[in-house]
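Scroll down for the structure; my scribbles are underneath it.
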Amino acid sequence: AALREGYERFDPAAYLHNNYLPPRADFSSEDFVVPWKLRCLAETFASGEIRGRTLLDVGSGPTIYQLLSACDHFEEIVATDYLAVNREELRRWARGEPGTFDWSPFIQHVCKIEGRGEPWQEKQRRLRARLRRILPIDVHQPHPLGCPLCPPADALLSAFCLEAVSPDHAAFTRALAHVGTLLRPGGHLLLLGALGESFYLAGAARLPVVPLSEGDVRAALADASFALRDFRSYSMPPALRTGVDDVEGVFFVHAQK
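Going by the working numbering, the first residue of the sequence shown is number 1, and it counts up by one from there.
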């Protein structure tokens, strides 16, 4: 109940300001956290192994950066979020409405690290065209979308969602298993998440987070019947510990069902 009340006060604009503007979103060095996240995704998709018809993004929030490398490898991107304010923020960006968050520095950086010489506007256009559905989701339900996804997704992506909506480790593991039902056998799972975080701020909202260790993440993946392919971690430097959360680090996972 406390979790739900906190999210009723969630402010997308404040969340974006806290996490996706400098100092955290500083592209002058690969040592900063946002370039690290984008590189993990770009390198993993560059293998060409993760592709197909549908990629489902679980708990998108008000962000699209996590989809920038993915959109080249899938015919359709399905974004999801529990909160209507976040789904509306995504719809407004997808329609190109004025006043939405400026993701162009992120798109330009991804185009640079992918190294294909593509104009960033072309990648933005492609993601908007392929972001065809933006759906409500509740990862604590056995059917998170309310009904099975037909056909199941070829890949699942989730960034900073499951640990931020789970009251304890058992709930995190159950949520991972629930979203796993939306993925086809052999399909790929990509996770970005927080290590050692107990709260974060989004405007007036102070949201609890279940603090995870690398061991917790590995155990949850095994319990949810995922085979781990790659695990990377990033330690948050003191300069990026700005008081908007108490995150110690970030993890990236590539796993397979």
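Beta carbons: idealized from backbone N, C-alpha and C, even for Gly.
| Check | Outcome |
| --- | --- |
| Taking only the alpha-carbon atoms, compute the straight-line gap between Leu183 and Trp103 and give it to the nearest angstrom. | 28 angstroms |
| Sorted by chain position, which residues of the same chain lie with C-beta nearer than 6 angstroms to Asp26's C-beta, five sequence neighbours on each side aside? | Phe32 |
| By alpha-carbon positions, which one of Pro208, Leu149, Arg39, Glu114 ends up nearest to Tyr7? | Pro208 |
| Mapping DSSP to helix, strand and coil, what is Arg128? | helix |
| So who's on the other strand from Ala194, going by DSSP bridges? | Val250 |
| Within its chain, find whatever has a CB closer than 8 angstroms to the CB of Phe199; leave out the 5 residues flanking it on each side and keep chain order. | Arg206, Leu207, Pro208, Val209, Asp245, Asp246 |
| Compute the Euclidean distance between the alpha carbons of Ala220 and Leu176, then round it to the nearest angstrom. | 7 angstroms |
| Identify, in the order they occur along the chain, each residue of the same chain with its Cβ nearer than 6 angstroms to the Cβ of Asp223, setting aside the five sequence neighbours on each side. | Thr173 |
| Tell me, please, which residues DSSP counts as bridged to Pro136. | Asp81 |
| Using beta-carbon positions only, say whether Ala164 and Gly59 come within less than 9 angstroms of one another. | yes |
| State buried or exposed for Arg53, treating a residue as buried only when at least 16 other CB atoms are found within 10 Å of its CB. | exposed |
| Could you pull the DSSP bridge partners for Val153 from this structure? | What sits at residue 153 in the sequence shown is Ala, not Val. Leu183. |
| What does the Cβ neighbour count give for Thr242, buried or exposed, with the cut at 16 atoms within 10 Å? | exposed |
| Could you give the DSSP three-state label for Tyr15: helix, strand or coil? | helix |
| Just checking my contact of Gln256 with Gly186 at CB under 8 angstroms: how many whole Å lie between their CB atoms? | 7 angstroms |
| Can you give me the C-alpha to C-alpha distance between Arg128 and Val139, rounded to a whole angstrom? | 25 angstroms |
| Using the Cα positions of Gly193 and Val217, report the straight-line distance between them to the nearest angstrom. | 9 angstroms |
| Considering just the uninterrupted stretch of the beta strand (DSSP E) at Ala25, what are its terminal residues? | That residue, Ala25, is in no beta strand (DSSP E); it is neither H nor E in DSSP. |
| Can you grab the Cα-Cα spacing for the pair Gly146 / Ser29, in whole Å? | 42 angstroms |
| On the criterion of 16 or more Cβ atoms from any shown chain inside 10 Å, does Ser47 qualify as buried, or is it exposed? | exposed |
| Only counting the same chain, and skipping five residues up and downstream in sequence, which positions put a Cβ closer than 7 angstroms to that of Ala42? | Ser69, Val110, Ile113, Glu114 |
| What is the DSSP secondary structure of Val33, reduced to helix, strand or coil? | helix |
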